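Chemist:
In this note's numbering, the protein residues as written are 189 to 321.
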């Protein structure tokens, strides 16, 4: 009986040890993977687009508020729809724009984002700084 218990404990220890060793390897694999988003806002009436590239880790690209946008996306796990709005109001005048994003968050493809928003000013506010470029 004692040898069965010892073997069971030894087996569980080896399995648990293997999990403990494997966990840091998974975490290390996600570090340093690319984060690059292609963002656009298109005024529906004129078809006039604004484009930006947002990179994080390191922060950069053509996005003028890259540091703020990357920080907000990090808190939202890379999900644009979960980024809280800026603390400013926007004028509810219907001049619709189409905001869109594609790309990678820490090496994984993001869920493509596409939304019609009230106007360009609201697009710059509704999703934090993501479309404020």
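C-beta atoms are modelled at their ideal positions from N, C-alpha and C, and glycine is treated no differently.
Bear in mind that the values here come from a model prediction, so they are computed numbers and not experimental data.
Of the residues 289, 305, 251, which one's Cα is nearest the Cα of residue 233?
Modeler: 305
Chemist: Measuring alpha carbon to alpha carbon, tell me which of 282, 290, 231 ends up nearest residue 266.
Modeler: Comparing Cα-Cα distances from residue 266 to each of 282, 290, 231, the minimum goes to 290.
Chemist: So the candidates are 309, 228, 281, 256; which of them puts its Cα closest to the Cα of residue 239?
Modeler: 228
Chemist: For the segment 254-264 against the segment 304-320, are there 3 or more C-beta pairs whose distance is under 8 Å?
Modeler: yes
Chemist: Assign residue 312 to buried or exposed, taking buried as 16 or more other Cβ atoms, counted over all protein chains shown, within 10 Å of its Cβ.
Modeler: buried
Chemist: Going straight from the alpha carbon of residue 310 to that of residue 293, what length do you get?
Modeler: As the crow flies, the alpha-carbon of residue 310 is around 24 Å from that of residue 293.
Chemist: Would residue 250 pass as a contact of residue 222 if the rule is Cβ separation under 9 Å?
Modeler: no
Chemist: Let's see if you can read the secondary structure: which residues bound the beta strand (DSSP E) around residue 308?
Modeler: Where residue 308 is concerned, there is no enclosing beta strand (DSSP E), although the alpha helix (DSSP H) it sits in stretches over 308-314.
Chemist: Compute the Euclidean distance between the alpha carbons of residue 226 and residue 275, then round it to the nearest angstrom.
Modeler: 24 Å
Chemist: On a CA-only basis, which of 231, 261, 295, 287 is nearest residue 303? Give me that one, please.
Modeler: The shortest C-alpha separation from residue 303 is found at 287.
Chemist: For residue 271 versus residue 307, is the C-beta distance shorter than 9 Å?
Modeler: no
Chemist: Who are the Cβ neighbours of residue 280 in its own chain at under 7 Å, not counting the five residues just before and after it?
Modeler: 306
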